[in-house]
Amino acid sequence: DAKTTQPPSMDCAEGRAANLPCNHSTISGNEYVYWYRQIHSQGPQYIIHGLKNNETNEMASLIITEDRKSSTLILPHATLRDTAVYYCIVRHTGGFKTIFGAGTRLFVKA
Amino acid sequence: NAGVTQTPKFRILKIGQSMTLQCAQDMNHNYMYWYRQDPGMGLKLIYYSVGAGITDKGEVPNGYNVSRSTTEDFPLRLELAAPSQTSVYFCASSYSAIGTGSGEEWEKLFFGSGTQLSVL
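Residue numbers (the numbering used here), protein chains in the order written: chain A, 1 to 110; chain B, 1 to 120.
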């Protein structure tokens, strides 16, 4: 599975959009990009995934570059409850090992 | 649905003791996983299972054993507890589907609330 690189931490003002970047330059054609988040000491929570196209759901939007070597998770209106560690994961289809990296610790400030 | 249920939530063991961490899911998922998370670190995959009777090692399997006799249950066994096994343990199960348009399979993990284990 492709390795991902994320900044260790980011700040965001409450009510503003939070844009979390992820580099996955060695991604291959059949590997999905997934985002999970972990609030405090809870179990990680699925946010969104994508293969080639940009995706949006009730939680966030995922923007994948045309060459697929990087992506951005967008939380359109961050709240204090969005303070968490966000993990970007690249995993090939049909594989059964979801490997977590260190993630990005997002601090949403009032 | 209760989702993924882990028991116990907290446990303190003495060095050399053994114990089983329980994990059950009621979503009829075939795939199940055990992760550990040390303080301030990311999750490390210990073992996983793709169905009843089938298990395989993850990134950090040493010191642990698993079994999968039913679809619902995936217990994790520590035989000789060591201080290095002090961690938070998360169990997960996953749902997979074929992406519309892509034809490729994707997977969504559901996590339990964790078991905090201290070995002293």
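Just so it is clear, CB atoms sit at the ideal spot from N, CA and C, and this is done for glycine as well.
Because the structure is a prediction, the values reported are computed rather than measured.
Proximity test, Cβ basis, 8 Å: Val-88(B) and chain A: yes
Rounded C-alpha distance that separates Gly-40(B) from Glu-107(B): 26 Å
Under the three-state DSSP convention, the category Arg-81(A) falls into: helix
Integer Cβ distance of Thr-79(A) from Val-108(A), believed to fall under 8 Å: 6 Å
Beta-ladder partner(s) of Gln-116(B), from DSSP: Phe-10(B), Val-88(B)
For Asp-11(A), the first and last residue of its enclosing beta strand (DSSP E): 9-13
Presumed contact (8 Å Cβ cut-off) between Leu-76(B) and Leu-21(B), rounded CB distance: 4 Å
Residues sharing a beta bridge with Glu-107(B), DSSP: Ser-96(B)
Per-residue contacts from Trp-34(B) into chain A (C-beta, under 7 Å): What Trp-34(B) touches in chain A: nothing, since even the nearest Cβ is about 12 Å away.
Helix, strand or coil at Pro-21(A) according to DSSP, with G and I counted as helix: strand
Neighbourhood of Asp-56(B) by C-beta, 8 Å cutoff - its chain only, sequence neighbours within 5 removed: Tyr-47, Tyr-48, Ser-49, Val-50
Residues that Leu-62(A) bridges to, as DSSP identifies them: Glu-55(A), Leu-73(A)
Beta-carbon proximity list for Met-32(B), same chain, < 8 Å, skipping 5 on both sides: Cys-23, Gln-25, Tyr-48, Ser-49, Arg-68, Phe-74, Cys-91, Ala-92, Ser-93, Ser-94
Beta-carbon gap between Asp-82(A) and Ala-18(A) smaller than 8 Å: yes
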